[in-house]
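Visitor:
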Amino acid sequence: MRAAKILTVALTGLALSSPLHAAEYNWRFFTYVSPTDFHSKMNKAFAEDISKASGGRLEITHYGAGELPYKAGDIIKSVATNQIQMGQVGAGLAAGDAPEIDVFSVPFLCTSYAGFAAATKAIGTVPDEVLTKKFGVRVIMNWPIPGQNIWSSAKIEKIADLKGKKIRTWNPLQVEMLTLLGGSPTSLDPAEVVPALQRKVVDGAITSALSANDWKAYDIVKFGFMLNFTMAHQITLVNAEALAKLPPDLQKLIADKSAEWAPKYFAASEETNTAALKNMQANGVTITEPAAADVANVKAVLKPLWNKWTEKNGPVAADLLARVSAACK
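Throughout the sequence shown, residue numbering follows this note's numbering, covering 305 to 633 in sequence.
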């Protein structure tokens with residue numbers, strides 16, 4: 305009797321603590337970096353806002369790296385196969401799947417927030433059309449991770465200092481760029497960067513101050529070479545079939561919330577990067593701005609990559625390059 309009474313009390317408590325109605329639709333949203341990193345925090349807040357606004361009908365649960373068995377390169381296919389219904393992917397990290405939309409990785413094409421905002425409007429629905437046709441995934445948001453720079457254990461003051469240095473890269477265009485500049489590119493997933501720096505597998509890494517600070521890379525690297533040659537295009541994806549199965553009002557909610565949150569991602573990215581750069585310096589990282597003549601020489605060396613990239617990736621790539629070049633000034 306006593307055991308039955310305890311069970312009854314426990315079940316009653318569980319019933320009282322549970323929601324009155326379970327969600328009609330349950331989605332999983334994966335981000336390829338740690339749950340404590342900027343990208344994950346933003347995506348978690350975005351998911352929670354949609355869930356709340358739906359009145360609990362659509363429950364989107366966010367997961368970061370290590371919480372689900374996926375890496376950055378898995379995201380498009382994982383969303384396409386409905387293992388996860390939402391995901392964030394860097395266009396450069398997905399260049400193996402859709403190289404023609406990785407236009408923002410073209411060096412020195414677009415390196416300001418205002419320019420990036422104008423350029424994302426200019427490219428319109430092209431990334432969505434490409435990814436829908438190829439994989440059955442929809443693009444609901446485009447936003448930037450800030451300027452990409454080189455963080456290293458040895459001081460780099462000029463481009464010539466890159467010669468022979470093993471530098472982490474994360475997309476094919478960076479590999480070509482580093483090779484032209486005399487460096488030794490090493491492709492690594494975000495989760496692999498800090499261990500590689502610790503073990504001296506690489507001498508430095510290409511990433512933003514925002515990400516370097518999130519990773520506490522200041523404990524290892526002590527120099528930042530602020531080349532600022534690209535911004536990293538982030539794409540928020542949903543499974544097309546899962547989206548189509550939602551009633552029209554919930555589909556509209558996702559579209560409206562994406563439009564509402566896009567400028568929040570832009571503003572938070574810029575603000576967080578500024579704070580991250582200050583924190584990197586406070587933790588002993590020396591920042592070096594390249595000389596104007598050095599940058600001009602680098603731009604001249606790398607300019608042929610623009611045409612080479614479009615020739616390799618076809619008319620969609622050429623169209624996107626023209627649109628971004630015109631918009632991002």
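Just so it is clear, CB atoms sit at the ideal spot from N, CA and C, and this is done for glycine as well.
Can the beta-carbon of residue 392 be found less than 8 Å from the beta-carbon of residue 546?
Guide: Result no, Cβ atoms of residue 392 and residue 546 do not sit closer than 8 Å.
Visitor: Just reading off the alpha helix (DSSP H) that residue 502 is part of, what are its end residues?
Guide: 497–502
Visitor: Note down the Cα distance separating residue 520 from residue 501, rounded to an integer number of angstroms.
Guide: 12 Å
Visitor: Taking contact to mean at least 3 C-beta pairs separated by less than 8 Å, is the stretch 525–537 in contact with the stretch 393–402?
Guide: yes
Visitor: Measuring alpha carbon to alpha carbon, tell me which of 349, 363, 353 and 338 ends up nearest residue 326.
Guide: 363
Visitor: What does a CB cutoff of less than 8 Å around residue 614 pick up in its chain, not counting 5 residues either side in sequence?
Guide: 621, 622 and 625
Visitor: Is it true that the stretch 442–452 meets the stretch 460–472, where meeting means three or more beta-carbon pairs spaced less than 8 Å apart?
Guide: no
Visitor: Identify the residues that DSSP records as bridge partners of residue 448: which are they?
Guide: 537
Visitor: Are residue 559 and residue 440 touching if we call contact CB-CB under 8 Å?
Guide: No, these two residues do not count as a Cβ contact at 8 Å.
Visitor: Among 479, 607, 444 and 399, which has the Cα closest to the Cα of residue 491?
Guide: 479
Visitor: Measuring only the C-alpha atoms, how far is residue 306 from residue 359?
Guide: The pLDDT assigned to residue 306 is 40, lower than 50, so where the model puts this residue is not dependable; a value taken from the coordinates is nonetheless given after this. Spanning the two alpha carbons is a distance of roughly 39 Å.
Visitor: Can you name, in chain order, every residue of its own chain whose Cβ lies under 6 Å from the Cβ of residue 341, other than the five neighbours on each side?
Guide: 518
Visitor: What did DSSP end up calling residue 522 once you bin it into helix, strand or coil?
Guide: helix
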